[in-house]
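Enquirer:
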Amino acid sequence: MSLRLDSRIVLNNGVKMPVLGLGTAGAEGKRCVAAVREALRIGYRLIDTASAYGNEKDVGTAVRGSGISREDLFVTSKVRNGDQGYESTLRACGESLRRLRMDYLDLYLIHWPVPGKRLQTWRAMVELLESGKARAIGVSNFMADHLEGLARESAIVPAVNQIELSPFLRQGEAVAYCRRHGVQVEAYSPLTRGRRLKDPTIGALAEKLGRSPAQVLIRWSLQNAFVAIPKSVVAERIRENADVFNFELPAEAVKTLDGLDQDLHFDWDPTDVP
Ligand SMILES: NC(=O)c1ccc[n+]([C@@H]2O[C@H](COP(=O)([O-])OP(=O)(O)OC[C@H]3O[C@@H](n4cnc5c(N)ncnc54)[C@H](OP(=O)(O)O)[C@@H]3O)[C@@H](O)[C@H]2O)c1
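Residue numbers (the working numbering): 5 to 278.
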């Protein structure tokens, strides 16, 4: 069945997650509220925030004014590095919920695999899951080794691993691990933070397909079965980034894009985090 903006994938605990969402890193205040409102208006239902982004209050404001019922939304937040640890994670989740003015998160993630802390943090995440404060829990920036370490200590498999992904950074090992263990991969910075939108290979494909470079990159994520969360605060781009369900990248184009892999990170590379 072909994907649509309202398509949802089923996570390993049965919770359904939209396949495309709005990223909000770097968006704050009125711009954030307006971007989230516009996204919700045109049919986005997944909003990705984090305590580290300083915009949970704005996301909450936008959601409340949207007229969309809470059950139809999917809100993700993350515990920041400084809050990792057992008690502090429980507290941090409560604070995120208070800023968002929500009773629960749809997905709560460990933002980064902080050494020496992440196992205690995970214990708190499991408690948040059990108490209903989070409908699903997961991790972010976890590579295969980090996931292995977690699996040795806990029987609860993360529902999602949110990692940086684009044709320039295919993260083969982490993605393969997630696929083998039923962890949904979510692609952050799917547009390379805007830094490779002028790449000639992407440009040529976009032109051939009559699409924009951003749309080609988002389709690449979706066709790899990654949930994608492109960020924009520009209404026209928010619409453009969601207008990706009426075309497909031919197999040949996916192959060409896959050939661009060069381990190119625009965010911190967590590979060597012990
Ligand atoms: N878990 C983590 O550690 C982590 C790390 C990074 C990001 N994330 C999440 O992933 C989301 C997306 O990643 P990201 O924000 O780093 O980068 P991104 O989505 O790859 O790219 C965003 C950049 O591209 C521009 N842009 C958006 N749509 C465009 C279009 N159609 N045409 C041209 N330019 C366009 C945006 O500018 P305008 O806003 O001006 O349109 C912005 O500068 C974040 O917002 C955040 O929610 C998570």
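Think of the CB as a built atom: it goes at the ideal place given N, C-alpha and C, for glycine as much as any other residue.
1) So who's on the other strand from glutamine 219, going by DSSP bridges?
2) Looking at ligand 1, does it come within less than 7 Å of lysine 82, judged from the CB to the closest heavy atom?
3) Ligand 1 and isoleucine 141: does the residue's C-beta get closer than 7 Å to at least one heavy atom of that ligand?
4) Give me the residue from Ser6, Ala29 and Gln88 with the minimum Cα distance to glycine 58.
5) Looking at valine 63 and isoleucine 72, is the spacing between their C-beta atoms short of 8 Å?
6) Could you check whether proline 119 and asparagine 220 sit closer than 8 Å to each other, using their CB atoms as the reference points?
7) Between which two residues does the alpha helix (DSSP H) harbouring alanine 191 extend?
8) Would you identify the three-state DSSP class for asparagine 165, choosing helix, strand or coil?
9) Is it buried or exposed, phenylalanine 146, if we count other Cβ atoms within 10 angstroms and call 16 or more buried?
10) Does DSSP put serine 73 in a helix, in a strand, or in coil?
11) Can you tell me whether glutamine 88 is buried or exposed? The criterion is at least 16 other CB atoms within 10 Å of its CB, across all chains shown.
Expert: Taking the geometry as given:
1) Locating residue 219 in the sequence shown gives position 215, counting from the first residue. In DSSP, glutamine 219 forms no bridge with anything.
2) The sequence position of residue 82 within the sequence shown is 78, counting from 1. Under cutoff, so the answer is yes.
3) On the sequence shown, position 137 is the one that residue 141 refers to. Checking the Cβ of isoleucine 141 against ligand 1 gives no.
4) Taking the sequence shown and counting its residues from 1, one reaches residue 58 at position 54. If we check each option's Cα against that of glycine 58, Ala29 comes out closest.
5) Along the sequence shown, one-based indexing puts residue 72 at 68. Along the sequence shown, one-based indexing puts residue 63 at 59. Result no, Cβ atoms of isoleucine 72 and valine 63 do not sit closer than 8 Å.
6) Indexing the sequence shown from 1 puts residue 220 at position 216. Indexing the sequence shown from 1 puts residue 119 at position 115. Note that residue 220 corresponds to valine in the displayed sequence, not to asparagine. Not in contact: valine 220 and proline 119 (Cβ atoms no closer than 8 Å).
7) Stepping through the sequence shown from its first residue, residue 191 is reached at position 187. Alanine 191 -> not in any alpha helix (DSSP H); beta strand (DSSP E) instead, spanning 188-192.
8) Counting from 1 along the sequence shown, the entry for residue 165 is found at position 161. Here asparagine 165 sits in strand by DSSP.
9) Mapped onto the sequence shown, residue 146 falls at position 142. So phenylalanine 146 counts as buried.
10) One-based indexing of the sequence shown puts residue 73 at position 69. Serine 73 falls in the coil class under three-state DSSP.
11) As a first step, residue 88 must be located in the sequence shown, where it is residue number 84. With 16 or more Cβ atoms within 10 Å of its Cβ, glutamine 88 is classed as buried.
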